[in-house]
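Residue numbers for the sequence shown follow our numbering, beginning at 17 and rising by one. Following: one structure in structure tokens, then a few remarks.
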Amino acid sequence: MKYIVKLFLVLGLIYASGCSFFELEEKLDNPNAPTAASAEMDLVMNNVMLEFVQFVDEVSDETMPYVRLVAMTGGENYENQDSPASFDFMWSQAYSELMPDINLVIALAEEGGFTVHSGAAKILKAYIMFTLVDLFGDVPYSEAFQGVDIPSPKADPGEQVYNAAFALLDEAINDLKNPLGEISNDLYYDNNVDSWIKLANTLKLRYYVNTRLVNPGGGANVASLVSAGVIEDAADDFQFQYGSNRENPDSRHPYYSDGYETGGPSWYLSNYYMFLFIGETQTEDPRTRYYFYRQDCDETDENFFTLDCQDGPYPFHWPDGLPYCTASSPLFGSDLSKAHSGYWGRDHGNADGIPPDDLKRTAWGLYPAGGKFDANDCVDVENQGKDGGLGAGIQPIILSSYVYFMRAEAALEMNSGEDAREMLEKGIRASIAKAMSFESIAPVDPAYKPDQAQIDAYVAEILDTYDNSSDKLQVVMKEYWKALQGMGLEAFNAFRRTCRPTGMQPTREANPGDFPKTFWYPASYVNRNQNAQQKASLTAVSVFWDTNPVGCTY
Numbered sequence: 017m018k019y020i021v022k023l024f025l026v027l028g029l030i031y032a033s034g035c036s037f038f039e040l041e042e043k044l045d046n047p048n049a050p051t052a053a054s055a056e057m058d059l060v061m062n063n064v065m066l067e068f069v070q071f072v073d074e075v076s077d078e079t080m081p082y083v084r085l086v087a088m089t090g091g092e093n094y095e096n097q098d099s100p101a102s103f104d105f106m107w108s109q110a111y112s113e114l115m116p117d118i119n120l121v122i123a124l125a126e127e128g129g130f131t132v133h134s135g136a137a138k139i140l141k142a143y144i145m146f147t148l149v150d151l152f153g154d155v156p157y158s159e160a161f162q163g164v165d166i167p168s169p170k171a172d173p174g175e176q177v178y179n180a181a182f183a184l185l186d187e188a189i190n191d192l193k194n195p196l197g198e199i200s201n202d203l204y205y206d207n208n209v210d211s212w213i214k215l216a217n218t219l220k221l222r223y224y225v226n227t228r229l230v231n232p233g234g235g236a237n238v239a240s241l242v243s244a245g246v247i248e249d250a251a252d253d254f255q256f257q258y259g260s261n262r263e264n265p266d267s268r269h270p271y272y273s274d275g276y277e278t279g280g281p282s283w284y285l286s287n288y289y290m291f292l293f294i295g296e297t298q299t300e301d302p303r304t305r306y307y308f309y310r311q312d313c314d315e316t317d318e319n320f321f322t323l324d325c326q327d328g329p330y331p332f333h334w335p336d337g338l339p340y341c342t343a344s345s346p347l348f349g350s351d352l353s354k355a356h357s358g359y360w361g362r363d364h365g366n367a368d369g370i371p372p373d374d375l376k377r378t379a380w381g382l383y384p385a386g387g388k389f390d391a392n393d394c395v396d397v398e399n400q401g402k403d404g405g406l407g408a409g410i411q412p413i414i415l416s417s418y419v420y421f422m423r424a425e426a427a428l429e430m431n432s433g434e435d436a437r438e439m440l441e442k443g444i445r446a447s448i449a450k451a452m453s454f455e456s457i458a459p460v461d462p463a464y465k466p467d468q469a470q471i472d473a474y475v476a477e478i479l480d481t482y483d484n485s486s487d488k489l490q491v492v493m494k495e496y497w498k499a500l501q502g503m504g505l506e507a508f509n510a511f512r513r514t515c516r517p518t519g520m521q522p523t524r525e526a527n528p529g530d531f532p533k534t535f536w537y538p539a540s541y542v543n544r545n546q547n548a549q550q551k552a553s554l555t556a557v558s559v560f561w562d563t564n565p566v567g568c569t570y
């Protein structure tokens with residue numbers, strides 16, 4: 017499913033200004049003084065920032081179904097969820113638009129001495145390079161972007177591309193430590209150089225956590241990066257802020273534009289993911305009403321055509337205690353007051369046809385889509401974009417909560433020297449605070465707003481589980497997963513890296529195949545590149561940092 021929304025029309029000027037993009041007549045004496053050349057570079061840089069969030073959104077959309085952040089409805093088994101063509105847009109964004117534009121910005125910035133531009137551009141490029149390796153394994157890099165000279169670039173080993181991206185981060189930090197120039201309309205950090213440097217350090221920390229299975233000595237590097245300064249506060253969160261403009265252009269969160277206009281949401285949220293918030297713990301997760309909005313709070317009166325699974329048998333290959341058909345039906349072993357209360361998604365791998373339930377299924381809530389807070393009002397969200405936060409949500413990319421969970425993992429598995437329990441608590445509290453901060457953009461009924469006692473009770477329950485668990489990483493990774501609403505890539509990496517969380521709802525199909533190690537290469541790449549060869553299966557090729565056995569997660 018693709019819900020990519022162009023936030024602004026790309027001005028013809030970007031491409032019409034010809035060779036002046038590629039040739040600067042002379043060195044710029046003052047990088048802080050705006051000139052025609054710097055204005056042109058800013059146009060390209062602004063376009064890069066918009067293209068970048070489209071890329072991130074597409075990556076997240078493709079990965080979320082596999083990791084149960086939304087329902088996997090494209091196929092009953094993993095190999096049928098997506099076809100190679102499903103990844104064409106993402107690949108084109110990276111190789112045909114984003115990285116060529118970024119390379120242009122870097123060249124112009126280095127020629128003119130604009131170190132803020134070059135530093136920020138290198139960080140964005142490094143993120144894209146990491147991501148391509150994470151998803152596909154070996155990818156073109158050293159021979160890429162050569163045009164007609166090398167029309168079929170060979171793929172480089174993923175480890176080499178990863179290391180090249182890491183080197184770019186070091187270059188970016190060096191650039192930003194001597195800041196010259198300002199990005200016109202910096203859409204991520206408003207020219208806060210310290211925040212850009214923290215992001216670069218955080219991506220380096222993430223590199224060490226992702227590669228810990230092949231680089232077990234990275235714990236000391238994690239500790240050094242924490243000392244140097246990483247993202248620890250919401251003010252430094254790496255995110256894209258959407259607007260509330262409805263049209264010309266539509267600047268809203270794509271999940272809001274999809275669901276809150278006419279016809280209701282096209283997404284099915286994950287029954288199991290919603291169940292974790294309402295049915296697994298004694299204390300309801302404080303984020304529940306921010307994450308999920310119920311259009312119908314009672315699924316007991318539905319006809320078979322609308323909810324055909326309600327009378328179906330519980331899958332024979334599932335363990336007891338999991339939700340089936342909807343997240344709230346019937347909530348085995350949990351709070352029966354929540355049974356049949358309208359948490360309406362789909363089970364993992366339910367690829368059945370679409371019934372007339374678009375105004376009944378649970379919608380994206382206030383966080384992160386800028387939708388509605390769930391105050392038990394239970395009305396459909398088809399209201400011409402007038403409800404909730406009007407779509408002024410965010411695309412989370414790397415948040416402070418994520419970093420605390422990474423640091424907890426590093427403490428447990430990499431001997432980084434930090435207290436994993438403390439990092440776990442900070443991660444949970446940061447995630448809850450992030451979701452609750454969205455009350456600044458939409459009304460939140462005080463009767464349903466979590467109070468401090470509920471927050472503390474939830475945190476205490478999780479910490480008690482952690483203290484009494486023989487598998488502390490399981491507790492950390494499940495809570496990390498619950499913080500990843502709207503960000504599929506980090507969950508996809510964590511699943512493969514840690515083989516956790518365990519105990520999840522299996523696919524509805526008893527034999528769905530194994531969880532992917534990497535994705536199919538895009539059809540456009542395989543069909544047009546003479547040196548490209550499609551993978552035999554989704555488990556045939558692992559990303560270099562994943563040494564876990566096939567089937568360690570499902």
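Just so you know, even glycine gets a beta-carbon here, dropped at the ideal spot from N, CA and C.
Leu5 to Ser286 span [Cα, whole Å]: Absent from the model: residue 5. The displayed extent of the chain is 17 to 570, so no value can be given.
Pick from Glu113, Ser344, Glu56 that is closest to Phe71, judged by C-alpha positions: The residue given as residue 71 occupies position 55 in the sequence shown. With distances taken between Cα atoms, Phe71 lies closest to Glu113.
Between the CA atoms of Tyr94 and Thr555 - distance to the nearest angstrom: As a working mapping, residue 555 is identified with position 539 in the sequence shown. As a working mapping, residue 94 is identified with position 78 in the sequence shown. Cα-Cα distance, rounded: 10 Å.
Inter-residue Cα distance where the pair is Cys515 and Asp117: For this step, residue 515 is matched to residue 499 along the sequence shown. For this step, residue 117 is matched to residue 101 along the sequence shown. Between Cys515 and Asp117, the C-alpha separation is close to 37 Å.
CB of Ala137 within 9 Å of CB of Ala181, strictly: Counting from one through the sequence shown, the residue named residue 137 turns up at place 121. Counting from one through the sequence shown, the residue named residue 181 turns up at place 165. No.
Tyr19 in three-state terms, based on DSSP: Here residue 19 refers to the residue found at position 3 of the sequence shown. Any reading at Tyr19 must be qualified, since the residue scores a pLDDT of 36, below 50, and its modelled position is unreliable; no value is offered.
Three-way DSSP call (helix, strand, coil) for Trp107 in this model: One-based indexing of the sequence shown puts residue 107 at position 91. Reduced to three states, the DSSP call for Trp107 is helix.
Phe68 vs Ile144 beta-carbon contact at 9 Å: Looking up residue 68 in the sequence shown gives position 52. Looking up residue 144 in the sequence shown gives position 128. Yes; because the gap between Cβ atoms is below 9 Å, this pair is in contact.
Segment limits, alpha helix (DSSP H) that includes Gln490: For this step, residue 490 is matched to residue 474 along the sequence shown. Taken as a continuous stretch (DSSP letters only), the alpha helix (DSSP H) holding Gln490 covers 488-498.
Spatial neighbours of Tyr482 in its chain, beta-carbon cut-off 7 Å, leaving aside the 5 residues before and after: Translated into the one-based positions of the sequence shown, residue 482 becomes position 466. Counting only Cβ-Cβ distances below 7 Å, and skipping sequence neighbours, we find Arg437, Leu440, Lys488, Val491.
DSSP three-state assignment for Thr322, whether helix, strand or coil: The count along the sequence shown starts at 1 and reaches residue 322 at position 306. In the structure shown, Thr322 sits in coil (DSSP, three-state: anything other than H, G, I, E or B).
N-terminal and C-terminal residue of the alpha helix (DSSP H) that Ile448 is part of: By 1-based counting over the sequence shown, the position of residue 448 is 432. Ile448 -> alpha helix (DSSP H) spans 436-452.
DSSP beta-bridge partners of Arg362: Position 346 of the sequence shown holds residue 362. According to DSSP, Arg362 bridges with Ser286.
Rounded distance between the beta-carbons of Thr79 and Phe508, thought under 8 Å: Indexing the sequence shown from 1 puts residue 508 at position 492. Indexing the sequence shown from 1 puts residue 79 at position 63. At roughly 4 Å, the Cβ-Cβ gap stays under 8 Å, so Phe508 and Thr79 are in contact.
Start-to-end residues for the alpha helix (DSSP H) that takes in Phe421: Taking the first residue of the sequence shown as position 1, residue 421 is located at position 405. Its alpha helix (DSSP H) spans residues 416-429.
Residue environment, Gln298, which counts as buried when at least 16 other CB atoms sit within 10 Å: For this step, residue 298 is matched to residue 282 along the sequence shown. By the 10 Å Cβ count, Gln298 comes out exposed.
Helix, strand or coil at Ala379 according to DSSP, with G and I counted as helix: Walking along the sequence shown from the start, residue 379 turns up at place 363. DSSP places Ala379 in strand when its eight states are reduced to three.
Assigned secondary structure, Glu42 (DSSP; H/G/I helix, E/B strand, else coil): Mapped onto the sequence shown, residue 42 falls at position 26. Bear in mind that the predicted position of Glu42 carries a pLDDT of just 35, short of 50, making it too unreliable to give a figure here.
Phe293 burial status per 10 Å Cβ neighbour count (16 or more: buried): Position 277 of the sequence shown, counting from 1, holds the residue named residue 293. Burial call: buried.
Contact belief for Phe254 with Ile414 at Cβ below 8 Å, rounded distance in angstroms: Working through the sequence shown from its first residue, we reach residue 254 at position 238. Working through the sequence shown from its first residue, we reach residue 414 at position 398. Correct: roughly 4 Å between the Cβ atoms.
Extent of the continuous beta strand (DSSP E) to which Phe256 belongs: As a first step, residue 256 must be located in the sequence shown, where it is residue number 240. Phe256 -> beta strand (DSSP E) spans 254-257.
Alpha-carbon spacing of Pro528 relative to Gly365, whole angstroms: By 1-based counting over the sequence shown, the position of residue 528 is 512. By 1-based counting over the sequence shown, the position of residue 365 is 349. Looking at the two C-alpha atoms, the distance is approximately 8 Å.
Touching by the beta-carbon criterion (3+ pairs, under 8 Å), the region 299-313 and the region 446-456: yes
Length of the line joining the Cα atoms of Gly407 and Arg544: Position 391 of the sequence shown holds residue 407. Position 528 of the sequence shown holds residue 544. Approximately 38 Å between the Cα atoms of the pair.
Sub-9 Å separation of Phe560 and Gly233 beta-carbons: On the sequence shown, residue 560 is found 544 positions in, with the first residue counted as 1. On the sequence shown, residue 233 is found 217 positions in, with the first residue counted as 1. Not a contact, by the Cβ cut-off of 9 Å.
Element boundaries [alpha helix (DSSP H), containing His133]: The sequence position of residue 133 within the sequence shown is 117, counting from 1. First-last of the alpha helix (DSSP H) with His133: 131-152.
Beta-carbon proximity list for Gln546, same chain, < 6 Å, skipping 5 on both sides: As a position in the sequence shown, residue 546 is number 530, starting the count at 1. The residues are Ser168.
Residue of Phe389, Ala499, Glu525, Leu323 minimising C-alpha distance to Ala458: Within the sequence shown, residue 458 is the residue found at index 442, counting from 1. The shortest C-alpha separation from Ala458 is found at Phe389.
Whole-number beta carbon distance between Val419 and Val246, since they are thought to touch under 8 Å: Counting from one through the sequence shown, the residue named residue 246 turns up at place 230. Counting from one through the sequence shown, the residue named residue 419 turns up at place 403. Confirmed, about 6 Å.
Supposed close pair Tyr359, Ala343 - CB separation, criterion 8 Å: Walking along the sequence shown from the start, residue 359 turns up at place 343. Walking along the sequence shown from the start, residue 343 turns up at place 327. Sure, about 4 Å apart at Cβ, within 8 Å.
Span separating the alpha-carbon of Trp212 from that of Phe511: By one-based count along the sequence shown, residue 212 stands at place 196. By one-based count along the sequence shown, residue 511 stands at place 495. The straight-line gap from Cα to Cα measures roughly 28 Å.
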